[in-house]
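Structural data, given as structure tokens:
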């Protein structure tokens, strides 16, 4: 099935890309969620509009991403999580939502939780490095300190 992506789909492509996917994936996942449209002649014109809008956004986003990167590099992020008494093990694990909330409370910019990449599961207290992908060309290694708290 030939589709045109209308949103960024991880592992598949960016908006405006023409992709060939299996029928079930396109019919049951991409089309109902509005992530793609069926590739037709009329849809080709929509691709041009999408790519033009994406190009104008990309330039603005790159500059904005660099500004956010400089703001994040000067931040000291501390995250409190429930931990066992006298142990460094956490009850559960730290999520991307927790990191985004900690960055906001530390005085940083509001981050999308989907832009944050954890180095596996964070299940212990201490210092951890979290990657924030602000733009395809701009990534930031953000140090996060997890402490035991209520």
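In full-length UniProt numbering, the protein residues as written are 1 to 150. Ideal Cβ placement from N, Cα and C applies to all residues, glycine included.
Minimum C-alpha distance to residue 66 - residue among 125, 82 and 134: Measuring from the Cα of residue 66, the nearest candidate turns out to be 134.
Which of helix, strand or coil DSSP assigns to residue 39: Look at residue 39 here: in three-state DSSP terms it is coil, with no helix or strand label.
Can you check DSSP and say which residues form a bridge with residue 133? Bridge partners of residue 133: 139.
CB contact flag (residue 77, residue 144, <8 Å): Yes, these two residues count as a Cβ contact at 8 Å.
With a threshold of 8 Å, are at least 3 pairs of Cβ atoms found where one atom belongs to the region 83-94 and the other to the region 120-131? Touching, yes.
Do residue 81 and residue 149 have their CB atoms nearer than 8 Å? Going by C-beta atoms, residue 81 is nearer than 8 Å to residue 149.
Considering Cα atoms alone, identify which of 79, 83 and 107 is closest to residue 130. The residue from 79, 83 and 107 with its alpha-carbon nearest to that of residue 130 is 79.
Can you tell me the Cα-Cα spacing of residue 93 and residue 128, whole angstroms? Approximately 13 Å between the Cα atoms of the pair.
Quick one, which of 34, 23 and 138 has its alpha-carbon nearest residue 9's? Residue 34 is the option with its Cα nearest to residue 9.
Residue 101 lies in the alpha helix (DSSP H); which residues open and close that run? Here the alpha helix (DSSP H) through residue 101 covers 96-105.
In its own chain, which residues sit with a C-beta less than 8 Å from the C-beta of residue 49, not counting the 5 before and 5 after it? Answer for residue 49: no residue qualifies.
Range covered by the beta strand (DSSP E) that runs through residue 123: It spans 122-124 - the beta strand (DSSP E) in which residue 123 sits, taken as one unbroken run.
Going by beta-carbon coordinates alone, are residue 75 and residue 103 separated by less than 8 Å? Against a cut-off of 8 Å, the Cβ pair of residue 103 and residue 75 comes out as a contact.
Excluding five sequence neighbours on each side, which residues of the same chain lie with their C-beta closer than 8 Å to the C-beta of residue 119? Within the same chain, 128, 129, 130 and 131 come within 8 Å of residue 119 by CB-CB distance, once the 5 residues on both sides are set aside.
Closest to residue 206 by CA distance: which of 113, 146 and 62 is it? Residue coverage of the chain in this structure runs from 1 to 150, which leaves residue 206 outside it and unanswerable.
Which of helix, strand or coil does DSSP assign to residue 84? In the structure shown, residue 84 adopts coil according to DSSP, grouped into three states.
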